[in-house]
Structure formats: C-alpha cells, structure tokens
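Colleague:
Number of protein chains: 2
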Amino acid sequence: MVTVKKVAELANVSPSTVSRVINGAENVNPEIRERVKKVISETGYFPNNAARSLVNRKTGAIAVLIRNLHKPFFYDLLRGMKDAATAMHKCVLFCNLSDEKEERNKYMQFLTNGIVDSMILYGTLYTDWPIIENLSSSRFPFILIENNFDNSQFNQILINNFDGAMNAVRFLAENGHERIVLFMGNPNKKVNLERLNGYQRAMTECGFTLTPDNIVNIFGDSSQAFDAAQAIMRMPDEKRPTAIFTTSDKIAVQAIKGILSLGFRVPEDISVMTFDSQSHLEEEYKGPTLTGIKQPLYDVGYESISAISEIMDGKIKPPYSRTYETTIQKGETVRNLNEG
Amino acid sequence: MVTVKKVAELANVSPSTVSRVINGAENVNPEIRERVKKVISETGYFPNNAARSLVNRKTGAIAVLIRNLHKPFFYDLLRGMKDAATAMHKCVLFCNLSDEKEERNKYMQFLTNGIVDSMILYGTLYTDWPIIENLSSSRFPFILIENNFDNSQFNQILINNFDGAMNAVRFLAENGHERIVLFMGNPNKKVNLERLNGYQRAMTECGFTLTPDNIVNIFGDSSQAFDAAQAIMRMPDEKRPTAIFTTSDKIAVQAIKGILSLGFRVPEDISVMTFDSQSHLEEEYKGPTLTGIKQPLYDVGYESISAISEIMDGKIKPPYSRTYETTIQKGETVRNLNEG
DNA sequence: CTGTTAGCGCTTTCAG
DNA sequence: CTGAAAGCGCTAACAG
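Heads up: the protein sequence lines correspond to chains A and B, in order.
The working numbering applies: residue 1 is where the first sequence begins, and numbers increase by one.
The working numbering applies: residue 1 is where the second sequence begins, and numbers increase by one.
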C-alpha cells in the first residue's frame, strides 16, 4: 500500500510536505509541489480515509437512512438527492433499514463513528426517538425529512400535509362533492394525522357533514381499503359518498380495485382523490390515472443534501427548518358533478 | 467523546482489557468483564470505526455501486440485498452513481480507503475497465453482477441471457410464431449482445428466416421503438411479423404503445415478448401484462451479499462465479397461433 | 489473565 | 517554505 511516507521518500521530502500538497496548502514551493504530484500520480497514491477521519474528525460523506429504500415511492426523492450529491461534490451513502431496532443501532453506530459526518433520516417513527436523541445529544449533525416529532430544535424538512389535505377537500368541493369520506392509514405516522386534521378542517370550513362514519380506518393491510370501498358501493345511492379521499396511493389503488370489482366505474360512479400521487406505484395498477395531492419529493431530496452540506460548511446555522407545499395533480379519478 | 482510554480509567483497567471486552475475547476475568461492560453502557461508549479500520484494515461493511439506483428496475435486487444484509449482519452502503468518470473515481477512492472492505458492482460498462483493473490489481475484493467483461478471474454473478433469449424464441415458436423480429437495445451492453446471440441461434435452430430485417436497432432513445413498431404494423399482413421480441421492458412498452396508437391490439394483431419482465416498470403503462423472460433479481441480490461475505470470511475462495437461469413469465402479450 | 508498548496513516503544531 | 515530533483511537504483540 502506498502511504504518505512512501510518497515522501520517493519525492525526497517529508510526510508533512506531502500532506500539504494533498490538501492544497499554499505554502509549498511550486517545484516541490510538482515533484510530489508527479510521484502521487505515478504511484497511484490515495489518502486513507480512516486515518484522515481519525485526525480530522470528518470525512465529508453523508449518510441517508431510509426504511424500504427499494420502494418506487422514493424514485423522485433519490433522484433529487443524487443530483444534489453530484452538484455539491459529496459522497452520499444510502442505507436500507428495516424496523428492527438492533439493525438500526448497528447502522447508526457504524456510520456515526468515523464513516460519515452528517446524516439524513427519512420518515422516522416514534420508536426512533432514542436514536434521534442520541444523535442530538452527541451533537452529530442531521436533518429529518417528514419526522414524527415536534421539536423545533431539529433540522427538518417537512411537507405541508395539513394544507395539502385541505386543498384536496376544497378541490373536491369545487367539483361539486359534499359527501366525502376519508380512508385513513396508520395513525402512528404523524403525516396521516396531519392529513386527517386537514381533511376535518376543510370539511368543517365547507360546511359539510362530518360524522365518525366519514372516516374509515385502514390501519392494517391496505387490502382493507378494497373491502371498505366495496362496502361503500353497496350503500344506497342517496346515502353513498360521492368521493373518497385517501391518505396514500396504496390505499387509493386498493379502493379503486374494490370499486371496479363490483362493476362500478371511477370516476363515473364515485370519485377518488389520493395523497402522494407518485409517478411510480408499488403495486400493479391499470385503472384510471390518479388525481391527488403531489409532494415535491425531488425538491425535498435535492434540498436535504444541499442543506446539510451548507450546515456543515457553516453557511446555514441550525436549527434549519423548511416546509414544502403540495400541488394538485389532475388525473382521471375525480368527476366534476357541476357538469351535466 | 468517550474513548477506550476513558472507559479504562473508569473501570480501573488498561485499554487493552477494554479492547478485549469489546471484541469478545475469552481471556478476561468475568468479574472485570462485567465491570467494563457496565462502564461501557453507562457512558454510551462506542468504538470509533476510523481508528479500528486503521488498525484492522477492515470495517466489515460492503458497498453496492449502481447506476441509477432509483430506478424501479432494482426493486427486487435491492430487496434481496437488504434481506441478505440483515441475515449476514452486515452494513451495506448503497451508492447511486452517474456515468461521470470523475464522480465514479471519487466514490471508489472514498470507499476503498478505509470505509468498506468489499464491493458489489452492478452492470459495469466497458468504460469502467480502469476502475475494475485498479480494484483487481490492488487486491480489493469485489463481485460484479452482469458485467461487460469476459474475465474468469473476477468474482461474478451472471444471468444466462443467451439461454433466456433462446427460450423466448422457442416459446414463441411453440405458440406458432415464425416471423419473429428482434427489437435490440444498446449494443454496448454485453447483455444485449448475448440476447441477440440467443435470439439468432434459436431462430436458426427453429429453421426460421433470419435476415437483417429481422433485427431492429433501438440504440438511442427507447421511443424509437414506438416508431419502429408503427412501421411494422403498416406492413402488409402477409409480410408482417407475428411477434416482436424486445431486449428490455422499456422497449416493449414503447413498442406496444406504438402498436396500440394505430388502433391495433396486442396480442390479437401482433404478439410482444420482452426480456426483463420486471414487476415495476419505470414508465406509466396500462396495456396488457407483459409476457417475457424474467431474471431472478431477488436471488441475485441476496446471493451477491452472501457470497461476498463468505469470500471475506474465507469460506469461498475466489474466483467465484455463478450464473442464474431465467424463467418464462406468462402475461397477456403473446397469442397462441395454434388455437383457432 | 492483565498491562505496557508500539504503530496503523495521516495532519498539525512548533521549530528552524 | 520545510521537517521533526506528537497524537487521533484503537488493537496486537509481548512481557509479566
């Protein structure tokens, strides 16, 4: 293995000088600098990060921790992160975590001790609190994206789920819908609660009836949505909701499958509006293109990398917080009741 | 920061003893072991990987390098890798690379110098040769998945593209097809050449006509497939191929869109068979479910992690090579001409 | 079974 | 502008 020492010998200088050349220090005689550079390129020398990390206490690399990294949901997020990594000249290491506590700890301990010096965590759960607290108390820099906590001390990037959900209901209202039911996913995720709140607020604001029946819990398998949608279609016409708003694409897809399975059509017989509106769905789906609230995940991904870089460079001083607004993505699953 | 030294002080032992406890050495007095463990958990001490890596020359982590990691194509591959990582208790770091040489070098140099001690590279191109040679000459352990080289010295996992393509043609032949055209992607990828060869061999074997017209080059944008498919549909019935075999899902999807755009149907008017047959397509597609040759990407992903682990543990001695067979995945895009 | 010592490869004072 | 020396945190001989 080629080391500074060997390069130094070959160039007839001291290791310190080699180090200076590597790190682009000014105070080196140009002639010597060239001599050292020549030896470096001839020997193919490259500095050992472990040794560097040990003395500098930094590596310049960023870790991104995501549960189920492989899901198509992350398509845009990963693209954004990748583009930012290229732009900022950073090494970004993606880790695909499971829910298992032990495994999560393993990665945290590995990464935070000399491998990377900052971290991005997507979609933390309540159970991640010990990890977050640990990072925080050891002053390890990190950014949370869509986290479950409510702590302004953390660097975080959020999505305005509340307004997004409100806009969904308003959009449905504009299209003449009043009987709007919510298919709500896992309440242990803060994002779902926010979407629920937005839904409720907008329903009230629009003066629509809001009873417990308006909210259908899809807390377990998303296939519950299939059954729930069928149940709705079996209701008499005059009582049946005219629109279903779902907290995720997955639930929307299942609901639509349930509706179609009974011979009904979307949006002719009932409208469906989703939250997420991702370009890449996890399940096979050939129904009408979803209308829904779209999150700017490419931007969020890009911003997360560039923000953490700037925090590390001292250009941003923490706590950093930014909230992204959603947009309405028009597809084919919402019918305008005002027409015809 | 808590170090071995501090733990040693607090436990009234030497750093060596602490090190022994951490690394689970046998020769430590049980009483002292407990005392040290207690201090470790009280102080929240965790060993610094940079320092460890420096001494041990290994970290136990594995890097996975993939171009366009975000593509849904990698869904099953990543799942397999993740499951294997959990099973083998390894940290796996995924890197999303671009084609830019400089960026690729940056990652290589970062990773190979004290961060990970083995590597998996998916789908290397000819231009990656310097990188591979470098890894090889520095004796850095790595496995290639579907590489572009032909070197039995490398550890590698391959897919039997040749037989896969042959099986596709045979399957079409069994279904009564004789005029089968190939839509072939980028010839700079070895996998495509192998699929081409398999196609040619099987066509010859079946005694079917094989002229240059049988092979349509889709070397640029896959949208060329759209036009090419339209051109085929405009041919007179008696000359028109009865089936198109494509070297990728992307090409198949475009071809089918081209066919449908002219008002023709798949498979009634023409059959389409693909290679890849992934569960997750990158583009929106609502046509009939693809019939095609499926690669066992989950298994490949799982095996890559477990094989490199076993190589590192000395349980497998390199060069390691394994070829996976493909299967036929039946969808809706191939019509049986023997019926009716 | 335990402690002392040296050194992994690098950077960074501090002298010169 | 350059070199010598010390040390980052850890482990692996080697004594004891």
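The C-beta atom is built at its ideal place from N, Cα and C for all residues, glycine as well.
Check whether chain B comes within 8 Å of residue 222 of chain A, counting only Cβ atoms and requiring the distance to be less than that.
Modeller: By one-based count along the first sequence, residue 222 of chain A stands at place 222. Put simply, the CB of residue 222 of chain A is far from chain B, with every gap to its CB atoms at 8 Å or more.
Colleague: Quick check: what's the CA-CA separation for residue 97 of chain A versus residue 69 of chain B?
Modeller: Here residue 97 of chain A corresponds to residue number 97 of the first sequence, with the count starting at 1. Here residue 69 of chain B corresponds to residue number 69 of the second sequence, with the count starting at 1. Whole-angstrom Cα-Cα distance: 16 Å.
Colleague: Looking at chain B, is there any beta carbon in it that lies within less than 8 Å of the beta carbon of residue 123 of chain A?
Modeller: The residue labelled residue 123 of chain A in the question sits at position 123 within the first sequence. Closer than 8 Å: no.
Colleague: What does a CB cutoff of less than 6 Å around residue 66 of chain B pick up in its chain, not counting 5 residues either side in sequence?
Modeller: Mapped onto the second sequence, residue 66 of chain B falls at position 66. Taken in chain order, the residues that qualify are 122.
Colleague: Identify every residue that forms a DSSP beta bridge with residue 245 of chain B.
Modeller: As a position in the second sequence, residue 245 of chain B is number 245, starting the count at 1. Residue 245 of chain B pairs with B:182 and B:273.
Colleague: Whole-angstrom Cβ separation of residue 183 of chain A and residue 251 of chain A, contact assumed at under 8 Å?
Modeller: For the purposes of this step, residue 183 of chain A is identified with residue 183 of the first sequence, where counting begins at 1. For the purposes of this step, residue 251 of chain A is identified with residue 251 of the first sequence, where counting begins at 1. Their Cβ separation, rounded to whole angstroms, is 5 Å, which keeps residue 183 of chain A and residue 251 of chain A in contact under 8 Å.
Colleague: Any chance you could list the alpha helix (DSSP H) runs of at least 4 consecutive residues sitting entirely within the segment 44-87 of chain A, in chain order?
Modeller: 49-56
Colleague: Is there a C-beta anywhere in chain A that falls below 8 Å from the one on residue 84 of chain B?
Modeller: The count along the second sequence starts at 1 and reaches residue 84 of chain B at position 84. Cβ-Cβ to chain A under 8 Å: no for residue 84 of chain B.
Colleague: Taking Cβ-Cβ distances shorter than 8 Å, what residues in chain A pair up with residue 98 of chain B?
Modeller: Here the question's residue 98 of chain B lines up with position 98 in the second sequence. What residue 98 of chain B touches in chain A: 82 and 86.
Colleague: So, with DSSP's three-state summary, where would you put residue 285 of chain B?
Modeller: The sequence position of residue 285 of chain B within the second sequence is 285, counting from 1. Coil, per DSSP.
Colleague: At a CB-CB cut-off below 9 Å, which residues of chain B make contact with residue 75 of chain A?
Modeller: On the first sequence, position 75 is the one that residue 75 of chain A refers to. Chain B residues near residue 75 of chain A: 70, 71, 72 and 282.
Colleague: Name the one or two DSSP bridge partners that residue 95 of chain A has.
Modeller: Within the first sequence, residue 95 of chain A is the residue found at index 95, counting from 1. In the DSSP output, where bridge partners are listed per residue, residue 95 of chain A has A:65.
Colleague: If you measure beta-carbon to beta-carbon, which residues of the segment 130-144 of chain A are closer than 7 Å to chain B?
Modeller: none
Colleague: Taking just the CA atoms, how far does residue 20 of chain A sit from residue 75 of chain B?
Modeller: To locate residue 75 of chain B, count along the second sequence from 1; it is residue 75. To locate residue 20 of chain A, count along the first sequence from 1; it is residue 20. Their Cα atoms are separated by approximately 45 Å.
Colleague: For a quick check, are the C-beta atoms of residue 309 of chain A and residue 88 of chain A less than 8 Å apart?
Modeller: Within the first sequence, numbered from 1, the residue matching residue 309 of chain A stands at position 309. Within the first sequence, numbered from 1, the residue matching residue 88 of chain A stands at position 88. It is a contact, given that the beta carbons lie within the stated cut-off.
Colleague: For the segment 113-201 of chain A, list the beta strand (DSSP E) runs that are entirely contained and at least 3 residues long, ordered along the chain.
Modeller: Fully enclosed beta strand (DSSP E) runs of 3 or longer: 118-122, 142-145, 155-159 and 180-184.
Colleague: Quick one: Cα of residue 301 of chain A to Cα of residue 58 of chain A, how far?
Modeller: Here residue 301 of chain A refers to the residue found at position 301 when the first sequence is read from its first residue. Here residue 58 of chain A refers to the residue found at position 58 when the first sequence is read from its first residue. Spanning the two alpha carbons is a distance of roughly 23 Å.
Colleague: Pick from A:12, A:52 and A:51: whose alpha carbon is nearest that of residue 33 of chain A?
Modeller: Taking the first residue of the first sequence as 1, we reach residue 33 of chain A at position 33. Comparing Cα positions, the closest option is A:12.
Colleague: Could you pull out every residue in the same chain whose Cβ sits closer than 6 Å to the Cβ of residue 283 of chain A, ignoring the five residues on either side in sequence?
Modeller: Here residue 283 of chain A is taken as the residue at index 283 of the first sequence, counted from 1. Once the five neighbours on either side are set aside, the close Cβ partners of residue 283 of chain A are 253.
Colleague: Reducing DSSP to helix, strand and coil, say where residue 107 of chain B ends up.
Modeller: Taking the first residue of the second sequence as 1, we reach residue 107 of chain B at position 107. It is helical.
Colleague: Note down, in chain order, every chain B residue with its Cβ under 7 Å from the Cβ of residue 61 of chain A.
Modeller: Taking the first residue of the first sequence as position 1, residue 61 of chain A is located at position 61. What residue 61 of chain A touches in chain B: 110.
Colleague: Here's a check: name, in chain order, each residue in its chain whose Cβ is nearer than 8 Å to the Cβ of residue 311 of chain B, leaving out the five neighbours to either side.
Modeller: In the second sequence, the residue the question calls residue 311 of chain B occupies position 311. Cβ within range, chain order: 118, 141, 143, 155, 317, 318 and 320.
Colleague: Which residues of chain A have a Cβ atom closer than 9 Å to the Cβ of residue 234 of chain B, listed in chain order?
Modeller: Within the second sequence, numbered from 1, the residue matching residue 234 of chain B stands at position 234. Simply none; closest approach about 27 Å.
Colleague: Using a cut-off of 7 Å between C-beta atoms, extract the partners of residue 304 of chain B located in chain A.
Modeller: Looking up residue 304 of chain B in the second sequence gives position 304. Here the premise fails: no neighbours, minimum Cβ distance about 14 Å.
Colleague: So, residue 64 of chain B versus residue 95 of chain B, is the Cβ gap smaller than 8 Å?
Modeller: Your numbering for residue 64 of chain B matches position 64 in the second sequence. Your numbering for residue 95 of chain B matches position 95 in the second sequence. In contact: residue 64 of chain B and residue 95 of chain B (Cβ atoms closer than 8 Å).
Colleague: In chain A, what lies closer than 7 Å to residue 49 of chain B by C-beta?
Modeller: The residue you call residue 49 of chain B lines up with position 49 of the second sequence. Here the neighbours are 110, 113, 114 and 115.
Colleague: Are the CB atoms of residue 103 of chain A and residue 86 of chain B nearer to each other than 8 Å?
Modeller: Translated into positions along the first sequence, residue 103 of chain A becomes position 103. Translated into positions along the second sequence, residue 86 of chain B becomes position 86. Yes, Cβ-Cβ distance for residue 103 of chain A and residue 86 of chain B is below 8 Å.
Colleague: Output yes or no for whether 8 Å exceeds the beta carbon distance between residue 146 of chain B and residue 158 of chain B.
Modeller: Here residue 146 of chain B is taken as the residue at index 146 of the second sequence, counted from 1. Here residue 158 of chain B is taken as the residue at index 158 of the second sequence, counted from 1. In contact: residue 146 of chain B and residue 158 of chain B (Cβ atoms closer than 8 Å).
Colleague: Along chain B, in chain order, which residues have C-beta atoms closer than 7 Å to that of residue 245 of chain A?
Modeller: Reading the first sequence from its first residue, position 245 is the one you call residue 245 of chain A. Within 7 Å Cβ-Cβ: nothing; residue 245 of chain A doesn't reach chain B, min ~22 Å.
Colleague: Only counting the same chain, and skipping five residues up and downstream in sequence, which positions put a Cβ closer than 7 Å to that of residue 197 of chain B?
Modeller: Along the second sequence, read from residue 1 onward, the residue named residue 197 of chain B stands at position 197. Excluding positions up to five away in sequence, the list reads 162.
Colleague: Is residue 320 of chain B helix, strand or coil by DSSP?
Modeller: Locating residue 320 of chain B in the second sequence gives position 320, where the first residue counts as 1. In the structure shown, residue 320 of chain B sits in coil (DSSP, three-state: anything other than H, G, I, E or B).
Colleague: What does residue 107 of chain B touch in chain A if you count any residue whose Cβ is under 7 Å from its own?
Modeller: The residue labelled residue 107 of chain B in the question sits at position 107 within the second sequence. What residue 107 of chain B touches in chain A: 91.
Colleague: So the candidates are B:53, B:81, B:242 and B:269; which of them puts its Cα closest to the Cα of residue 345 of chain B?
Modeller: For chain B, the structure presents residues 1 to 340; residue 345 of chain B sits outside this window and is missing.
Colleague: In chain order, what residues of the same chain lie with their CB nearer than 7 Å to the CB of residue 5 of chain B, ignoring the 5 residues before and after it?
Modeller: Translated into the one-based positions of the second sequence, residue 5 of chain B becomes position 5. In its chain, beyond the 5 residues on either side, 15 have a beta carbon closer than 7 Å to the beta carbon of residue 5 of chain B.
Colleague: On the DSSP bridge list, what partners appear for residue 292 of chain A?
Modeller: Your numbering for residue 292 of chain A matches position 292 in the first sequence. The partner list for residue 292 of chain A (beta bridge, DSSP) reads A:274 and A:329.
Colleague: Classify residue 28 of chain B as helix, strand or coil using the three-state DSSP reduction.
Modeller: Along the second sequence, one-based indexing puts residue 28 of chain B at 28. Here residue 28 of chain B sits in coil by DSSP.
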